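Asks: Please read through the structure below; I'll follow up with questions.
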DNA sequence: GCAAGGTC
C-alpha cells in the first residue's frame, strides 16, 4: 500500500478536518497502530492524514543524572539533556514509523507556531529513522477552515529549523534551571530537617516562581498598608425632579462635624454645576484565551484551568474555534456575517443579531496578532439544552460567553450618560455622580457587565435644592485585596510569563505545591509559599522577579529569526542561571531554615486538619497527584 | 521526583 503523501497534524481533530476538506465524501476512517487515520483521494492520488497529540519527544537528563541524592545539582548546568519519547506517545512513534514506509512524501500540517514547528522536526526525526529518503513539506495555515487549508496545501513551504530550535532551546533551558533549583531547594530543606509528605518536593520554575512572587508581593503590600480613618458627610437633597445624595469627604472629624452643623443650619443648597454627558462605550475587542479565562473567572465564577479545558472540549466537538490564541484581530478571510447569521434565532439575542446584520457592521479590533490562530469565535449555533445535555451546565456558560462576546464585537456602541452634580451649601461643596444607560447597543447581547442605572434627577445650574437629611459616616481606607486570578492572569500577560495555553497551569502548579490557595477568586499565599518567595527574593532577586522571563523569551526569539544560534543562547542562559545558582548556594542554609519553618506551618497544619476529619476537596485531589508522582 | 510547552 502506498500513499501519494502522508499528512501529519498536531491533533486528531485537525487531521480529520483536513481529510474532509480535501477528500470530501471519499474519506475512509481506520486506525494505524491504534491511532485514528483518514484515507482519501485528492487530486487523483491516495492520501492519508493522521494526528499526533502535541509533542512526541521531550528532553530529559541521561539516566545517571536523575539520582537526586548522588548528583550535585550544579552538574546539570554542564550536562546536555537527551531526547526521549514521551510517556503515552509510543503509539504515535509506531504509527509514524509504519507510515514512513508507505509513502515518499510527508506533509507536515502542524500548527503555525514555534511549538508546531518543533513537533514537525520531531516527526521528521522519527520518520527519517526508518526511511531516510522521505521528502518533507510544510503546510502553514492559521485557521482550520476549508479555504485556509486549501491555500496552505497549494503553497507548501520548507520546514524552518530556526523556529523549531527556539522551542528546543526553551525546553533545554527550562529543564536545566527547573531541575537544578528544584533539587537544591528540596535536598537542602531535607538536610535541615524539613519534613514534607512522601513524593512531594519544593519546585522552582521560571514561570511558576515569578507567579508566586506576584501573589506574595500583594500580601506584603496589604501588610504595609497604613489604614486611615476618614469621614464622609452625606446629604440628601430634594430638587423639583426628585431626591439625590451628594457627599463631601473630610480627614478631620471635627471639621466634618462643623460642616454637618452648618448644612443643617442652612437647610438649602445651590446647584453650581450639573453635567449630563452622553459617552459612547465600545464593545470588547475579539476574544483571546487569556481574556476568556479572566472574564470567565469574573462573570462565570469558573477557574481558568476549568475554563480552558471546557473550551478545548467545545472546540474538539466543533462548537467554537481553536481556544488557544493571543490574537484580538479578526482575519479578513473570516466570514463574520456568515457566523453571525447562525445566531439570528439564538436565545434572547437573535432579534438584535438580525438588526445588526440588516444595518451592517464594523467589527472591533484589538492590537494583538500571534500570526497563528484567529480570535475565539463560535463555529456552530447550539441551544442551551444541547450544550448542557452533552457537556454540562458549565460548558453552556463558556459557550454562551463565547457567542455573546463574538456578537458583541460586531455590535453597536452603547451610550451611557455620565452625570455629575455639584451642590454648594454656604462655602461647602458636595458632589454627586450618577449614570444612565441611554442606548443599549452591544449590551443587548453582552449581558455580563451592563451598567447599573443610578440616575440623578435632571437638576439645572442655579437651582435651589432643599436639605432633607444629613449625616456623617466614619470610614477607613482599605488595603488592596489579595490578587484575583483575573488580575494575576493580566500580570502574567504583561510580563510575558507563560503562553496563553499555559498560564492557568502555572497558577495550578503553585496551588498543587501548597504555595498559595485560591479562595473566593483571590490568591492567598501559604506560609510555605511566602517564605520560599521571600527567601529567594532576599538572596537572588532575579530568581523571582517577573521581568526575567520576558528577557529570556526575547533572547530565545533571536534563534527563531536566525540572528543567533541555539548553542549561543542556551549557553548564555545556562551561565546566567549558574551565577544565580552559586549565589543561592552561598546562603542556602539561611534559605532552607526559613523554608523549613514554612513547611512546618503548612504540612503540620494539614495533618491536624486531616486528623480532625476535615479533608477538603482541593487537598485530597492534590494529595493524589503527589502520590502519582512517586515511583 | 525537577520545567514549560504541546494536547486530552
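In UniProt numbering, the protein residues as written are 1 to 631. Note that the Cβ used here is the ideal one computed from N, Cα and C, for glycine as well. Predicted model only: the values in this text are computed from it and were never measured.
(1) Skipping 5 residues on each side, what residues in its chain have a beta carbon closer than 6 angstroms to that of residue 550?
(2) How would you call residue 2, buried or exposed, if buried means at least 16 neighbouring beta carbons within 10 angstroms?
(3) Give every residue of the same chain whose Cβ lies closer than 8 angstroms to the Cβ of residue 156, excluding the five residues on either side of it in the sequence, and list them in chain order.
(4) How about the region 560-575 and the region 155-170: do they share at least three Cβ pairs that are nearer than 8 angstroms?
(5) I think residue 525 touches residue 263, with their Cβ atoms under 8 angstroms apart; what is that distance to the nearest whole Å?
(6) Report the rounded CA-to-CA distance for residue 356 versus residue 338, giving the unit in angstroms.
(7) Between 145, 542, 349, 485, which lies nearest to residue 518 when the distance is taken from Cα to Cα?
(8) How many angstroms separate the CA atom of residue 218 from the CA atom of residue 476?
(9) What does the alpha-carbon distance come out to for the pair residue 96 and residue 31?
(10) Output needed for residue 194: all residues of its chain with C-beta closer than 6 angstroms, excluding positions within five of it in sequence on either side, in chain order.
(11) Return the CA-CA distance between residue 209 and residue 154, expressed in angstroms with no decimal places.
(12) Could you tell me if residue 83 is buried or exposed, where buried requires 16 or more neighbouring beta carbons within 10 angstroms of its beta carbon?
(13) Looking only at its own chain, which residues have a Cβ that is under 6 angstroms from the Cβ of residue 469, when we skip the five neighbours before and after it?
(14) To the nearest angstrom, report how far apart residue 291 and residue 256 are at their CA atoms.
(15) Does the region 489-508 come close enough to the region 282-299 that 3 or more CB-CB pairs lie under 8 angstroms?
(16) So is the beta-carbon of residue 532 under 7 angstroms away from any non-hydrogen atom of the ligand GTP?
(17) Starting from the C-beta of residue 472, find all residues in its chain whose C-beta is less than 6 angstroms away, skip the five residues before and the five after it, and write them out in chain order.
(18) Let me know the secondary structure DSSP gives residue 449 once reduced to three states.
(19) Please report the distance separating the alpha-carbon of residue 532 from that of residue 594.
(20) Going by DSSP in three states, residue 329 sits in which element: helix, strand or coil?
(21) Taking the runs of the alpha helix (DSSP H) that are 4 residues or longer, which of them lie wholly in the region 145-193?
(22) Evaluate contact between the region 261-280 and the region 342-355, counting only Cβ atoms and requiring at least three cross-stretch pairs below 8 angstroms.
(23) Please go through the same chain and pick out, in chain order, the residues whose beta-carbon is closer than 7 angstroms to the beta-carbon of residue 16, but skip the five residues on each side of it.
(24) Could you give the distance in angstroms between the alpha-carbon of residue 628 and the alpha-carbon of residue 161?
(25) Could you pull the DSSP bridge partners for residue 36 from this structure?
(26) What three-state label does DSSP hand residue 102 in the structure shown?
(27) Identify whether residue 116 lies in helix, strand or coil by the three-state DSSP scheme.
(28) Measuring CB atoms only, is the region 310-324 touching the region 273-281, in the sense that at least three cross pairs come out at less than 8 angstroms?
(29) What runs of the beta strand (DSSP E), each 3 residues or longer, lie entirely inside the region 359-444?
(30) What residue ranges within the region 496-524 form continuous alpha helix (DSSP H) runs of no fewer than 4 residues, ordered along the chain?
Replies: This is what the structure holds:
(1) 495, 496
(2) exposed
(3) 107, 137, 138, 139
(4) yes
(5) Not a contact, Cβ separation roughly 46 angstroms.
(6) 13 angstroms
(7) 485
(8) Roughly 19 angstroms separates the two Cα atoms.
(9) When rounded, the distance between both Cα atoms is 12 angstroms.
(10) Excluding the 5 residues flanking it on each side, residue 194 has same chain C-beta neighbours closer than 6 angstroms at 596, 599, in chain order.
(11) 45 angstroms
(12) exposed
(13) 236
(14) 44 angstroms
(15) yes
(16) In the structure shown, the ligand GTP is absent, as is every other ligand, since no ligand is present at all.
(17) 231, 233, 256, 260
(18) If DSSP states are grouped into helix, strand and coil, residue 449 belongs with the helices.
(19) Distance between the alpha carbons of residue 532 and residue 594: 8 angstroms.
(20) coil
(21) Taken in chain order, the unbroken stretches of alpha helix (DSSP H) that lie wholly in the region 145-193 and span 4 residues or more are 146-154, 161-191.
(22) no
(23) 38
(24) Note on residue 628: pLDDT 35, under 50, position unreliable in the model; the coordinate value appears next. Using only the alpha carbons, I get a separation of about 36 angstroms.
(25) 31
(26) coil
(27) helix
(28) Because the criterion of three Cβ pairs below 8 angstroms is not met, the region 310-324 and the region 273-281 do not touch.
(29) 414-425, 428-439
(30) Segments of the alpha helix (DSSP H) lying fully in the region 496-524: 503-512.
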